[in-house]
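2 protein chains.
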Amino acid sequence: MKKIQAYVQMIENTLAHQDYDAEPRELYEPIHYILSLGGKRLRPALTLAACELLGGKTEDALMPAIGIEIFHNFSLVHDDIMDNASVRRGQKTVHEKWNTNIAILSGDAMLVKAYQYLGATEQEVLPKLLRSFSKMAIEVCEGQQYDMNFESKDTVNEDDYLEMIRLKTSVLLGAALEAGAIIARASDIACKALYNFGVNIGLAFQMQDDLLDSFGNADKFGKRIGGDILNGKKTLLYIYARNNSRNLPADTNSDEQKIKSFQNWFIETGAKQYVEEKRESFYHKAMKELEAIQGKPEVKSELVYFARSLVERDQ
Amino acid sequence: MKKIQAYVQMIENTLAHQDYDAEPRELYEPIHYILSLGGKRLRPALTLAACELLGGKTEDALMPAIGIEIFHNFSLVHDDIMDNASVRRGQKTVHEKWNTNIAILSGDAMLVKAYQYLGATEQEVLPKLLRSFSKMAIEVCEGQQYDMNFESKDTVNEDDYLEMIRLKTSVLLGAALEAGAIIARASDIACKALYNFGVNIGLAFQMQDDLLDSFGNADKFGKRIGGDILNGKKTLLYIYARNNSRNLPADTNSDEQKIKSFQNWFIETGAKQYVEEKRESFYHKAMKELEAIQGKPEVKSELVYFARSLVERDQ
């Protein structure tokens, strides 16, 4: 992971040197704030990795990679308003710290800024880069809308759930990798393969995230176990268990009991095992896509290691 | 105005044939709704006019012009949330008809769509077009933020007010014209001149808008006269009158009396005359920019006529 860490460091250094001092302060302070809260910078690191994998220069991918990270943060700011979330990365969300109007407007400005950074690339690759990015950006909006729709639905089927998480979270990983491939002037086949690698890793990642939320170690996971259960979230664990048993777990009085009985239900119905298998299946699809790509072996092996660490993580 | 009307018709036809049938419906219906509410389609018509003025083909500017119109509508949807507005073009605003979350998200999708339409242009002009558009888009966000900031301020000075309306409304007219010029592969000087023409027309337009709001004919203006007065808006009329008299008009009991006393105050302090002079001054600056441009005389004369109609309008 030496290379990936180096990419992350490049992103951090570059982000730290951007100018956030513009006026009006009310618009630019929230942008600086959300970008300073950290996050793993995985997506822009993947852009740099993909570019180097396919023989491009990482410097050429740096500004577009920053654009990908700013887009990701834009989506967090607006999603947090819609989801009524008050905490992000252990700190107040933008709409909590300022207000909803400021969160809407600084989010809008971030989306525009994402395009500005993306545009800081050579003319030759710009049209393809823009097409890929905008397609992804629209899909992320669609995914968020499906997610909101699901909240008011009694039942969600498995395909709809997988399509929702593909749109809401996975295509961004795919597009981050594809951006690097496009900048490296890779073939359409290589671009598509890296995109598919990213989407499948994203799906595997989300399976693991759902598993950790219900079965993780609270100390390592960094948030309370059972959040999805208590919030009635229709994750794949829930959907599979619901489809494979006559009844929901009996109502209980305490949160602790409810979590316990849902955990048992997920195990007894085979939902836990099913989601673990799904995770592995997406992971293997991702690996197959990556294997087919002709690229620098030392970067490829880092991507393999990185992908494995994402789906095996316990935090 | 035959040509301008033809441009507007081209825009209407093209908008009517776009596909809004995508899923999820909750995301795409509001986009179709706001774009169907009408509006004068002035901005995209200006893009087509600028392109033809400078020897380009209007067809080449059509998709980017649609992008400009979609951007304009995006800003209306998000501004209406922030301004808590319930009516737009005589119909419910998006957040009123659906809800705030849907208005945020469909607005986001419109901003991305604007870039998609803008990108449907030749590679050669794309970088310049994107730079101009994104600069404008960021400035529109800045203008909206300044406008919100002014609401909670006791005093606003004239320069700050003019800068706010330049950012919030005028640069979009400038960028709409510049986009057409860029697509026509005009010189940097011609692009800049058309941009300046648009910005100054926009400023003159806003002066006229402020005058109509306080002194217009309600039947023609289409909305109640005195809205700015009753809302305590710090328009240039108010700012000038405040700077040139010791006192505000005496408090009154009825809205009608308040409007009447502010109208008198605007006249007595010379504010009305001052804003009329400002309007003419911006108009003449705009004309000077346009005159310096070498372009098709028949399109140029339409732009002159069009500009005059904007600042002399009574509705």
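In order, the protein sequence lines correspond to chains Z and H.
Numbering-wise, the working numbering puts 176 at position 176 of the first sequence, and it's gapless, one number per residue.
In the working numbering, each residue's number is its place in the second sequence (first place is 1) plus 315.
Note that CB positions come from ideal geometry on N, CA and C, so glycine has one too.
Item                                                                                                                          : Value
C-beta neighbour in chain Z for H:His-410, strict 8 Å                                                                         : no
Closer than 8 Å at the beta carbon, the chain H residues around Z:Cys-191                                                     : None at all; the shortest Cβ gap to chain H is about 17 Å.
Rounded straight-line distance, which links the Cα of H:Gly-547 to that of H:Gln-523                                          : 18 Å
Nearest neighbour of H:Thr-362, chosen from H:Ile-381, H:Ile-396 and H:Ile-346 [CA to CA]                                     : H:Ile-381
Interface partners of H:Gly-434 on chain Z, CB under 8 Å                                                                      : Pro-127, Leu-130, Arg-131 and Ser-134
C-beta atoms of Z:Leu-177 and Z:Leu-194 nearer than 8 Å                                                                       : yes
C-alpha distance - H:Phe-621 paired with H:Ile-319, whole-angstrom precision                                                  : 8 Å
Contact with chain Z by H:Pro-339, beta-carbon distance below 8 Å                                                             : yes
Z:Phe-88 in three-state terms, based on DSSP                                                                                  : Phe is not the amino acid found at residue 88 of chain Z; the sequence shown has Arg there. Three-state result, Z:Arg-88: strand.
Neighbour-count burial assignment, Z:Val-317, 16 or more Cβ in a 10 Å radius                                                  : In the structure as shown, chain Z begins at 1 and stops at 315. Residue 317 of chain Z is therefore absent and cannot be evaluated.
Within-8 Å CB hit, H:Glu-466 to chain Z                                                                                       : no
Integer Cβ distance of H:Gly-489 from H:Val-514, believed to fall under 8 Å                                                   : 4 Å
Enclosing alpha helix (DSSP H) for Z:Leu-323 [first to last residue]                                                          : Within the shown structure, residues of chain Z are numbered from 1 to 315, placing residue 323 of chain Z beyond reach of any answer.
Neighbour flag for Z:Tyr-146 against chain H, beta carbons, 8 Å                                                               : yes
Close-in-space but distant-in-sequence residues of the same chain around H:Glu-457 (CB under 7 Å, 5 per side omitted)         : Leu-482
CB of H:Ala-364 within 8 Å of CB of H:Glu-617, strictly                                                                       : yes
Burial state of Z:Arg-25 (16 or more Cβ within 10 Å)                                                                          : exposed
Cβ pair Z:Gly-55, Z:Ala-184 closer than 8 Å                                                                                   : yes
Members of the stretch 512 to 541 of chain H that neighbour chain Z once the beta carbon cut-off is set at 7 Å                : none
Closer than 7 Å at the beta carbon, the chain Z residues around H:Ile-396                                                     : Ile-104
Presumed contact (8 Å Cβ cut-off) between H:Met-451 and H:Met-397, rounded CB distance                                        : So it is not a contact: roughly 19 Å between Cβ atoms.
Three-state secondary structure (DSSP) of H:Asn-328                                                                           : helix
Min CB distance H:Gln-438 to chain Z below 8 Å                                                                                : yes
Under 8 Å by beta carbon: chain Z residues contacting H:Ile-453                                                               : Ala-109, Val-112, Lys-113 and Gln-116
Within-8 Å CB hit, Z:Asn-101 to chain H                                                                                       : yes
Interface flag, H:Leu-377 vs chain Z, CB-CB below 8 Å                                                                         : no
Where H:Leu-342 meets chain Z, residues with beta-carbon distance less than 8 Å                                               : Cys-141, Glu-142 and Gln-145
Euclidean distance between Cα positions of Z:Val-171 and H:Val-392                                                            : 26 Å
Those runs of the alpha helix (DSSP H) which lie wholly inside the stretch 204 to 246 of chain Z and span at least 4 residues : 218 to 221, 227 to 230 and 236 to 243
Proximity winner among Z:Phe-205, Z:Glu-268, Z:Asn-196 and Z:Lys-234, relative to Z:Ser-245 (alpha-carbon distances)          : Z:Glu-268
Given 8 Å, three or more beta-carbon pairs between the stretch 234 to 250 of chain Z and the stretch 269 to 278 of chain Z    : yes
Residue from H:Leu-368, H:Arg-628 and H:Ala-429 whose Cα sits closest to the Cα of H:Lys-535                                  : H:Arg-628
C-beta neighbour in chain Z for H:His-393, strict 8 Å                                                                         : yes
Sub-8 Å separation of Z:Gly-216 and Z:Thr-169 beta-carbons                                                                    : no
Three-way DSSP call (helix, strand, coil) for Z:Asn-101 in this model                                                         : helix
Per-residue DSSP class, three states only, for H:Leu-342                                                                      : helix
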